[in-house]
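Residue numbers (our numbering): 40 to 98. Let me begin by presenting the structure, written as structure tokens, before commenting on it.
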């Protein structure tokens with residue numbers, strides 16, 4: 040059995056919180072970027088706001 044301290048870790052792309060590998064993510068651990076649905080929505084909203092401000096800045 041693997042100890043919890045030995046599991047792979049990565050940081051959330053939105054909030055920077057450290058995430059520990061979970062069996063649920065075993066098939067797509069390489070694609071996991073966010074620690075929660077809230078962070079995923081916040082990152083998506085942030086990108087949308089940045090894109091809209093860039094498009095209006097060029098006017």
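All residues carry an ideal CB built from backbone N, CA and C; glycine is no exception.
Thinking residue i and residue j are a contact (beta carbons under 8 Å), I'd like their distance in whole angstroms, please.
i, j, result
"residue 57", "residue 67", "Not a contact, Cβ separation roughly 19 Å."
"residue 52", "residue 72", "4 Å"
Which of the three DSSP states is assigned to residue i in this structure?
i, result
"residue 48", "strand"
Should residue i go down as buried or exposed, given a rule of 16 or more other Cβ atoms within 10 Å for buried?
i, result
"residue 54", "exposed"
Do you know offhand how far residue i's Cα is from residue j's?
i, j, result
"residue 89", "residue 82", "11 Å"
"residue 69", "residue 85", "23 Å"
"residue 46", "residue 91", "39 Å"
"residue 42", "residue 80", "32 Å"
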